[in-house]
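Line by line, the protein sequences are chains A and B. As numbered in our numbering, the first sequence has no gaps in its residue numbers, which increase by one up to the final residue, 1144. As numbered in our numbering, the second sequence has no gaps in its residue numbers, which increase by one up to the final residue, 1144. Beta carbons are placed, not taken as given, at the ideal position from N, Cα and C, and that holds for glycine.
Number of protein chains: 2
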Amino acid sequence: MEITLHSPLDMHLHVRQDAMLDLVAPLTAQHFAGAVIMPNLLPPVDTVERLHWYTSEVRRATSGYAFEPFMTLFFRDYSHEELLAARDHIIGIKLYPAGATTNSDAGVREVLAMDHVFGMMQELGIPLLVHGETHGFVMDREAEFCEVYRELATRYPRLRITMEHITTAKAVSLLDEFENLRATVTPHHLIITLDDVAGGLLNPHLFCKPIAKRPEDRQALLEASLKAHPKLMLGSDSAPHPRHAKEAPGCAAGVFTAPIILPMLAELFVRHGAEQNLQAFVSDNARRLYGVNPPATTVRLANDPMQIPASYGQVVPMWAGRSLSWSVKEVTC
Amino acid sequence: MEITLHSPLDMHLHVRQDAMLDLVAPLTAQHFAGAVIMPNLLPPVDTVERLHWYTSEVRRATSGYAFEPFMTLFFRDYSHEELLAARDHIIGIKLYPAGATTNSDAGVREVLAMDHVFGMMQELGIPLLVHGETHGFVMDREAEFCEVYRELATRYPRLRITMEHITTAKAVSLLDEFENLRATVTPHHLIITLDDVAGGLLNPHLFCKPIAKRPEDRQALLEASLKAHPKLMLGSDSAPHPRHAKEAPGCAAGVFTAPIILPMLAELFVRHGAEQNLQAFVSDNARRLYGVNPPATTVRLANDPMQIPASYGQVVPMWAGRSLSWSVKEVTC
Chain A
812 MEITLHSPLD MHLHVRQDAM LDLVAPLTAQ HFAGAVIMPN LLPPVDTVER LHWYTSEVRR
872 ATSGYAFEPF MTLFFRDYSH EELLAARDHI IGIKLYPAGA TTNSDAGVRE VLAMDHVFGM
932 MQELGIPLLV HGETHGFVMD REAEFCEVYR ELATRYPRLR ITMEHITTAK AVSLLDEFEN
992 LRATVTPHHL IITLDDVAGG LLNPHLFCKP IAKRPEDRQA LLEASLKAHP KLMLGSDSAP
1052 HPRHAKEAPG CAAGVFTAPI ILPMLAELFV RHGAEQNLQA FVSDNARRLY GVNPPATTVR
1112 LANDPMQIPA SYGQVVPMWA GRSLSWSVKE VTC
Chain B
812 MEITLHSPLD MHLHVRQDAM LDLVAPLTAQ HFAGAVIMPN LLPPVDTVER LHWYTSEVRR
872 ATSGYAFEPF MTLFFRDYSH EELLAARDHI IGIKLYPAGA TTNSDAGVRE VLAMDHVFGM
932 MQELGIPLLV HGETHGFVMD REAEFCEVYR ELATRYPRLR ITMEHITTAK AVSLLDEFEN
992 LRATVTPHHL IITLDDVAGG LLNPHLFCKP IAKRPEDRQA LLEASLKAHP KLMLGSDSAP
1052 HPRHAKEAPG CAAGVFTAPI ILPMLAELFV RHGAEQNLQA FVSDNARRLY GVNPPATTVR
1112 LANDPMQIPA SYGQVVPMWA GRSLSWSVKE VTC
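Below, the structure is given as structure tokens:
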């Protein structure tokens, strides 16, 4: 059995910089025709100058591949001039509401203090990409933030808002309530729950933010993905950390999946008899929702097993050492 | 300000064996007049012979202290002869329902397959100590197991059943529903929630089973403890693991608190204006509920700060390196 995918896109990706960029960016570019590149470097990518530098860095690290990086800016109080100068070089602006507090009212207030920026983004047609968590109890953060999504979607009906890496049934249900809300979901949140992180022994390699939630949340995410809900896109949130940062106390949050995303999804969609919807989930929905035109590539997967390496350089992938029943056989342009 | 406690008891304690026993048992015996010693060695303490050996080991490791170990057997399908031979040497039998599955009905069936043993324990007046978790979703395991407690308490109205290390509001509410149910609670579950384990970076030293729950669960445990609910006892579940077993992937579950329990509780009870209830919580309730008579000791605490060591041998305590505002000044017999 084989599956052919056209121009798969990863709509939420961390590739870092320097040596880590050189290690991980090709692991995405080898399979994907494009990816949304997150701007959370230290310092963040929040000037047009820094955006151009980072774009050229990502292009350099992925040269030789038919791969288009869709760049983002880190949200701050931008001027109209800055937004105008950035617009043609970004796919959106990523907001992490650092000041949002435990209750969602405060979260709304905090986020909405940036009213004027959202207004300009709406006028200029720049999408808003949001890490939607309050600072509340870890299992409630996304559900509480849904009130912020509601308020944003209502106030800015023409602002395209992406709920990034959603993890709850509540966020899934918002997709059908507001025309201008769409979402990404990670492969790992379709598969794991908090049980996999902390139900047996503690597994730092499955520890991520937002944290994996309850079985009924996973079920809602999975159902929406398997039917390729038209407003849902693959966004892996693949986030490399060196082994020492994951395996020590104070483990950093992030799951590294970049090189195994397509085999994981093939296995998952085939198991549920939904392989006919994989193309929409991994590419067509994103192309339509963002109006992007990635390079034309063809990825052929077959149900030949692959062994997941113990590590890629210093980075330990999800399910290191296990095998998947599907693998990528060929990528052509 | 000072607090004087008489014969404090830790009604749920792990002291292991060999070098670990020699390290940690004195750290309890220096402050406590007695402790319930858990039988989960490898292999478990599940014969009268092994019980006698372990009792003498614990006595050896705590010799010189006014300290009484209250021993337990590891639950299995014991004969009447075995129970009779053990009865005068144990405070109870500890059940870990290893076969209990995700749903509570199956949990009940599994546990109740041991009907004949519970019946004999009831007749012989041997208390049942229970690790009450199903194999369900990690945040639901104790709440699901409450159905098993209900069934046990109803079927064996004269069997004294201790719900060990409770972590949920639901378990607290059972205390008032069934005369023969009582519970222990750990100091750390009065203080932390899942946020402290996985809400920021991952903290392996606060990872334990049952896992810390939601804020409203902690609140219910705290309220019941601060008023020294007559059926609630301090049981620290202090569980030493060497640093390498806590700080590696596959972190073992357990929080080590033995040497800081009384200062932690003094700080907590004073902060809430409940210091007058500390004696009942740390000793009187247990003496009444179990009918035990520990050595008469007096522990004097003062609000002089103590610095929590980075480690005790290879064992990292809760809050290593932080300071507490209370400390133990003197223990007299």
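Cutoff 9 Å: residue i Cβ touching any chain B Cβ
{"i": "residue 825 of chain A", "result": "no"}
{"i": "residue 1129 of chain A", "result": "no"}
{"i": "residue 1066 of chain A", "result": "no"}
{"i": "residue 1010 of chain A", "result": "yes"}
{"i": "residue 1018 of chain A", "result": "yes"}
{"i": "residue 1005 of chain A", "result": "yes"}
{"i": "residue 956 of chain A", "result": "no"}
{"i": "residue 1059 of chain A", "result": "yes"}
{"i": "residue 1022 of chain A", "result": "yes"}
Coil, strand or helix - residue i by DSSP
{"i": "residue 1147 of chain B", "result": "Look at the range of chain B in this structure, 812 to 1144, and you will see that residue 1147 of chain B is not part of it."}
{"i": "residue 985 of chain B", "result": "helix"}
{"i": "residue 1144 of chain B", "result": "coil"}
{"i": "residue 1072 of chain B", "result": "helix"}
{"i": "residue 1087 of chain B", "result": "helix"}
{"i": "residue 1118 of chain B", "result": "strand"}
{"i": "residue 1012 of chain B", "result": "coil"}
{"i": "residue 829 of chain B", "result": "helix"}
Residues that residue i bridges to, as DSSP identifies them
{"i": "residue 820 of chain A", "result": "A:845"}
{"i": "residue 882 of chain A", "result": "A:848"}
{"i": "residue 1138 of chain B", "result": "B:1113"}
{"i": "residue 994 of chain A", "result": "A:974, A:1043"}
{"i": "residue 1123 of chain B", "result": "B:1126"}
{"i": "residue 1024 of chain B", "result": "The partner list for residue 1024 of chain B (beta bridge, DSSP) is empty, contrary to what the question assumes."}
{"i": "residue 1053 of chain A", "result": "A:1126"}
{"i": "residue 774 of chain B", "result": "For residue 774 of chain B there is no data in the structure shown, the boundaries of chain B being 812 and 1144."}
Interface flag, residue i vs chain A, CB-CB below 9 Å
{"i": "residue 953 of chain B", "result": "no"}
{"i": "residue 1062 of chain B", "result": "yes"}
{"i": "residue 1133 of chain B", "result": "no"}
{"i": "residue 1015 of chain B", "result": "yes"}
{"i": "residue 1119 of chain B", "result": "no"}
{"i": "residue 1126 of chain B", "result": "no"}
{"i": "residue 925 of chain B", "result": "no"}
{"i": "residue 1041 of chain B", "result": "no"}
{"i": "residue 855 of chain B", "result": "no"}
{"i": "residue 1026 of chain B", "result": "yes"}
{"i": "residue 950 of chain B", "result": "yes"}
Sequence-distant residues of its chain with Cβ nearer than 6 Å to residue i (five each side left out)
{"i": "residue 1124 of chain A", "result": "834"}
{"i": "residue 954 of chain A", "result": "979, 981"}
{"i": "residue 1039 of chain B", "result": "1088, 1091, 1092"}
{"i": "residue 914 of chain A", "result": "Interpretation of residue 914 of chain A is limited by its pLDDT of 42, a score under 50 that renders its predicted location unreliable; the figure taken from the coordinates is listed afterwards. No residues qualify anywhere along the chain."}
{"i": "residue 846 of chain B", "result": "821, 824, 839"}
{"i": "residue 1141 of chain A", "result": "1111"}
{"i": "residue 1138 of chain B", "result": "1074, 1115, 1117"}
{"i": "residue 1126 of chain B", "result": "1051, 1067"}
Contacts around residue i, its chain only, beta-carbon distance under 8 Å, and the 5 residues preceding and following it disregarded
{"i": "residue 900 of chain B", "result": "859, 862, 863, 866, 882"}
{"i": "residue 968 of chain B", "result": "990, 991"}
{"i": "residue 868 of chain A", "result": "828, 832"}
Cutoff 7 Å; reference residue i; Cβ partners in own chain excluding five residues on either side
{"i": "residue 1031 of chain B", "result": "980, 983"}
{"i": "residue 856 of chain A", "result": "850, 862, 865, 884, 885"}
{"i": "residue 1058 of chain A", "result": "1015"}
{"i": "residue 813 of chain A", "result": "1111, 1112, 1113"}
Residue i at chain D interface by Cβ criterion, 9 Å
{"i": "residue 1118 of chain B", "result": "In the displayed structure, chain D is absent; the protein chains listed are A and B."}
Item to complete: Could you pull out every unbroken alpha helix (DSSP H) segment of at least 4 residues lying fully inside the segment 888 to 961 of chain B, listed in chain order?
Response: 891 to 898, 915 to 923, 926 to 935
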